[in-house]
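Asks: First the structure, which I've put down as structure tokens, then a few questions once you've had a look.
Residue numbers (the working numbering): 174 to 402.
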């Protein structure tokens, strides 16, 4: 199994320069999840710079909120998505996933899977569901696993489920509180074990727990490399 572990962004206090340069030089990680793109379209020059400076990393890019939250995968959302995808063209060879996170009340899985098919991304379409009813419906979950890459979540509200498949994509948000939590070595080793039990060819784990994300990600990458050899 190939293990890819990173953080959800790099503009944090632990990054002494608040820069991608620093992250690439010092993180000791092999992937990064871009969350800033959820809030705004980066400039074309910024993306071109990332494609050069971040060439040694594998990327996951979060789709803009207007696609997932404002227009919720309708025709207007698809128009915006096409503009978004075109903007990220210079970085696309490095992008393993485009991450689509649905609102908590969103239940129309047929709609989002039709949208996913229209994008032509296949398994590069990573879908994070935040609705408990959907996550409790095995039929819907099986459809998600078949069509796209489902995003497993470790958080105060969602935990203990790793979606099966050739690719595992896991976001670590914290357990006792969202974004503010330090995972113990034991917790990370248990999680890594659950991932390996699914037998994926590749596993991507992203830490989104702010102050502790870099430290946790480094340890997790070591654990996963150790267990997968």
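Where is the CB? At the ideal position from N, CA and C, for every residue including glycine. Because the structure is a prediction, the values reported are computed rather than measured.
Should residue 236 go down as buried or exposed, given a rule of 16 or more other Cβ atoms within 10 Å for buried?
Replies: buried
Asks: Closest to residue 396 by C-alpha separation, out of 357, 384 and 383, would be which residue?
Replies: 357
Asks: Report, in whole angstroms, the separation of the C-beta atoms of residue 180 and residue 387, which I expect to be a contact under 8 Å.
Replies: 6 Å
Asks: Just grab the DSSP bridge partners of residue 379 for me.
Replies: 179 and 344
Asks: Let me confirm a value: residue 402 is counted as buried when at least 16 other C-beta atoms fall within 10 Å, else exposed. Which label applies?
Replies: Residue 402 should be labelled exposed.
Asks: On a CA-only basis, which of 186, 260, 332 and 232 is nearest residue 302? Give me that one, please.
Replies: 332
Asks: How many angstroms separate the CA atom of residue 194 from the CA atom of residue 380?
Replies: 19 Å
Asks: When we look at the beta-carbon of residue 330 and count the other beta-carbons within 10 Å, is it buried (16 or more) or exposed?
Replies: exposed
Asks: Alpha carbon to alpha carbon, how far is residue 259 from residue 359?
Replies: 42 Å
Asks: What separation, rounded to the nearest whole angstrom, lies between the Cα atoms of residue 326 and residue 365?
Replies: 13 Å
Asks: For residue 362, which residues from the same chain have a beta carbon less than 7 Å from its beta carbon, with the 5 sequence-adjacent residues on both sides left out?
Replies: Exclusion of the five residues before and after residue 362 leaves 396 as the residues of its chain whose Cβ lies within less than 7 Å of its Cβ.
Asks: Any idea which residues DSSP pairs residue 205 with across the strands?
Replies: 180 and 232
Asks: With 16 other CB atoms within 10 Å as the buried threshold, where does residue 291 fall?
Replies: Within 10 angstroms of the beta-carbon of residue 291 lie fewer than 16 other beta-carbons, which makes it exposed.
Asks: Hey, out of 275, 252, 277 and 199, whose CA is closest to residue 227's CA?
Replies: 199
Asks: Helix, strand or coil for residue 215, going by three-state DSSP, please let me know.
Replies: coil
Asks: Are residue 313 and residue 340 closer than 8 Å when you measure CB to CB?
Replies: no
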